[in-house]
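Adding 375 to a residue's 1-based position in the sequence shown gives its number in the working numbering.
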Amino acid sequence: MNTPIIIGIVIAVLVLIALVAGGVALSRRRRISLSDDSGAQGAVDGTTRQVDKSGGYKAGSGFSFSQGGGVGLAEPPEPTAPTEPATPAAPVPPTERTEVDGQPGVGDDASVPRDSAQRGIQDVALPADEDTAVVDDPAAVDDTAVADDTAVVDDTAVETPEAAQAPAATPRTPDTVEVPESPAELFEAPAPDADTLPDTIPAEAEPETETESAPAAEPDVAPTPATTEEIAPTAGRLNRLRGRLSRSQGAIGKSMLGLLGAGDLDEDSWEEIEDTLLMADLGTTATMAVVERLRTELAANNVRTADEARATLRRVLVDQLWPELDRSVRALPHAGGPAVILVVGVNGTGKTTTTGKLARVLVADGRRVLLGAADTFRAAAADQLQTWGERVGADVVRGKEQADPASVAFDAVAKGIDTGVDVVMIDTAGRLHTKTGLMDELGKVKRVVEKKAPVDEVLLVLDATVGQNGLTQARVFAEVVDISGVVLTKLDGTAKGGIVFHVQEELGVPVKLVGLGEGADDLAPFEPEAFVDALL
Ligand SMILES: Nc1nc2c(ncn2[C@@H]2O[C@H](COP(=O)(O)OP(=O)(O)OP(=O)(O)O)[C@@H](O)[C@H]2O)c(=O)[nH]1
């Protein structure tokens with residue numbers, strides 16, 4: 376063989392080797408093989424972190440409360456403009472009801488309410504000297520939104536409390552509360568569901584009739600009974616919530632880890648991963664972001680083992696939950712007045728239950744809590760709240776059925792200032808005959824309360840089991856009031872825990888609390904790391 380032929384053969388072999396090597400590298404970038412190396416020490420990034428596989432949600436640090444500075448009204452309602460999320464999501468204009476699954480929508484009611492015909496928004500009397508505070512802030516009042524707000528205010532109708540002189544509220548430990556020695560006691564005697572508790576409202580506790588012309592009577596404050604149920608220490612009782620996210624764990628965590636650990640990740644696998652996330656209700660934006668980051672990180676970090684993949688998945692999911700957001704509930708008193716929390720949402724999402732559960736946590740924390748039953752739409756709602764008040768050791772201000780909710784809310788805040796409580800929590804109505812009626816009423820409740828004290832926190836309660844409809848509801852509420860936090864309830868009853876990602880993405884507002892059951896202590900602070908650990 377002559378030399379040129381030998382050189383040609385060598386060059387051909389070299390080219391062939393280069394092509395094969397290039398092909399392998401390319402295929403490795405597109406397909407990621409994972410071996411089951413769960414016993415191996417050392418994970419990606421050199422850490423040796425052991426991931427909790429128990430599926431337990433451990434919000435070990437308890438609830439975080441802070442002082443608020445007041446939450447303003449949302450921008451004057453642009454009828455079709457959705458609230459701008461912090462991270463731009465595909466703009467979806469608020470629509471009328473879109474769901475077809477029979478779940479309640481904003482302003483819907485399953486049956487025609489018995490008082491729908493005569494119900495309207497009534498005028499509430501306000502002190503004259505405080506009117507200017509609101510008039511000064513044109514954004515705070517949109518009288519076009521509340522048709523009968525234009526009526527003349529009767530200054531005599533509400534006694535003006537000495538708000539400025541109200542003593543600064545100091546936390547105290549209620550002496551009627553017995554704290555159990557061990558959280559185990561709570562397992563032995565779970566709290567009954569509020570809905571199933573007997574109606575304990577005595578006949579004489581029925582509120583006085585409120586009329587526009589008559590001077591407002593002292594708000595009807597339901598007295599706290601002498602003894603209350605035992606309240607669990609918040610830190611210990613959160614252990615009870617272990618396993619409540621098991622359905623979402625199966626749908627997100629197990630599915631994702633199964634796919635990532637199955638071996639070669641080709642395009643079909645990535646499509647399956649995408650579908651898994653979408654089916655768990657993460658929404659398109661969060662799903663695409665998670666998939667994109669997973670692809671990049673798995674390739675860049677040369678992830679090869681299932682443990683490494685799990686660590687990567689955990690990091691990506693936690694980051695997508697915006698762990699840097701402030702999730703403290705603004706429930707601490709300030710500047711001589713109580714914190715004011717407005718609890719809003721459609722009917723049946725768990726507003727009253729959440730109000731009761733949160734009041735329970737606050738009371739256990741040594742705070743004095745006053746509850747305002749501004750859901751005057753149905754008497755049972757106020758009764759339910761009053762039952763909660765009795766359980767947790769909080770007074771309740773309520774009005775007559777069909778009383779103006781804004782008036783009840785105003786009375787509650789006034790009473791809270793007078794009596795020096797730490798926090799006033801106002802439970803609002805979740806239904807009216809029309810969406811417009813509900814929103815007008817809610818906007819008015821907030822504006823009227825703000826004549827007395829700033830609203831520190833507006834908690835939107837969403838039912839995690841209703842999926843996309845919850846987002847539609849959320850957008851409608853966000854148009855009317857500045858939502859400062861979301862409470863996602865019934866996460867125990869759904870495999871779609873991914874809604875947490877979607878809600879935050881959509882509203883740009885942090886999920887602060889999660890409801891994980893019907894029990895009095897089944898409310899937990901939302902912690903991204905603990906939540907993701909519970910899923911994986
Ligand atoms: N499984 C589960 N059920 C919950 C949770 N939170 C609330 N519920 C239940 O949901 C139902 C409705 O709760 P409510 O608190 O009455 O809801 P609401 O929003 O106040 O309803 P309206 O007063 O009609 O506006 C009750 O049976 C609660 O026990 C939760 O986190 N998990």
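A virtual CB, placed ideally from N, CA and C, is assigned to each residue, including glycine.
In the three-state reduction of the DSSP assignment, Gly894 falls in the coil class.
Between the region 637 to 648 and the region 852 to 860, the count of C-beta pairs closer than 8 Å stays below three; the two stretches do not touch.
Contact annotation: Gln759 and Thr727 have beta-carbon atoms nearer than 7 Å. According to the DSSP secondary-structure assignment, Asp770 is paired through a beta bridge with Leu745.
Glu902 and Gly818 have their alpha carbons spaced roughly 30 Å apart. A Cβ-Cβ separation of about 5 Å places Asp786 in contact with Val772 under the 8 Å criterion. Contact between Val721 and Arg806 holds, with the beta-carbon distance rounding to 7 Å and staying under 8 Å. Distance from the CA of Val878 to the CA of Gly774, rounded to the nearest whole angstrom, comes to 33 Å.
In the displayed model, Ala626 falls within a helix according to three-state DSSP. Annotation note: the region 699 to 770 contains the following uninterrupted alpha helix (DSSP H) runs of length 4 or greater, listed N- to C-terminal: 726 to 739, 754 to 767. Contact between Pro698 and Glu904 holds, since their C-beta atoms are separated by about 7 Å, short of 8 Å. Secondary structure of Pro900 (DSSP, three-state): strand. Taken from the Cβ of Lys865, at least one heavy atom of ligand 1 lies inside 6 Å.
Between Asp802 and Ala749 the beta-carbon gap is near 6 Å, inside 8 Å, which marks them as a contact. Inter-segment contact for the region 698 to 713 and the region 835 to 850 is absent: fewer than three beta-carbon pairs are separated by less than 8 Å. Where Leu653 is concerned, the enclosing alpha helix (DSSP H) starts and stops at 642 to 654. Taken in chain order, the unbroken stretches of beta strand (DSSP E) that lie wholly in the region 780 to 843 and span 3 residues or more are 798 to 803, 832 to 838. DSSP places Leu911 outside both helix and strand once states are collapsed to three, so it counts as coil. Check the Cα spacing between Lys871 and each of Lys887, Ala714, Arg622: the tightest is with Arg622. Taking 6 Å as the cut-off, one finds no heavy atom of ligand 1 near enough to the beta carbon of Asn844.
According to the DSSP assignment, Thr680 belongs to no beta strand (DSSP E), since it is labelled neither H nor E.
For Ala778, the Cβ stays outside the 6 Å cut-off from all heavy atoms of ligand 1. In terms of Cβ geometry, Val715 and Asp896 do not form a close pair [threshold 7 Å]. Taking 6 Å as the cut-off, one finds no heavy atom of ligand 1 near enough to the beta carbon of Gly860.
No Cβ-Cβ contact shorter than 7 Å links Gly633 with Pro713. Within 10 angstroms of the beta-carbon of Glu765 lie 16 or more other beta-carbons, which makes it buried. Shown here, Gln695 sits in a helix according to DSSP, grouped into three states. In this structure, ligand 1 has a non-hydrogen atom nearer than 6 Å to the beta-carbon of Thr728. According to the DSSP assignment, Phe440 belongs to no alpha helix (DSSP H) but to the beta strand (DSSP E) extending over 440 to 442. Burial is judged here by how many other beta carbons sit within 10 angstroms of a residue's own beta carbon; Ala393 has fewer than 16 and is exposed. DSSP places Leu391 within a helical segment (H, G or I) once states are collapsed to three. Sorting Leu696, Met814, Ile384, Ala387 by C-alpha distance to the C-alpha of Lys887 places Leu696 at the top.
Boundaries around Val875 are those of the alpha helix (DSSP H), 874 to 882, since no beta strand (DSSP E) includes it. One thing to note: Gly768 has its Cβ no nearer than 7 Å to the Cβ of Val736.
Under a 10 Å Cβ-count criterion, Val862 is classified as buried, with 16 or more other Cβ atoms of the shown protein chains found around its own Cβ. For Thr724, the distance from the CB to the nearest heavy atom of ligand 1 is below 6 Å.
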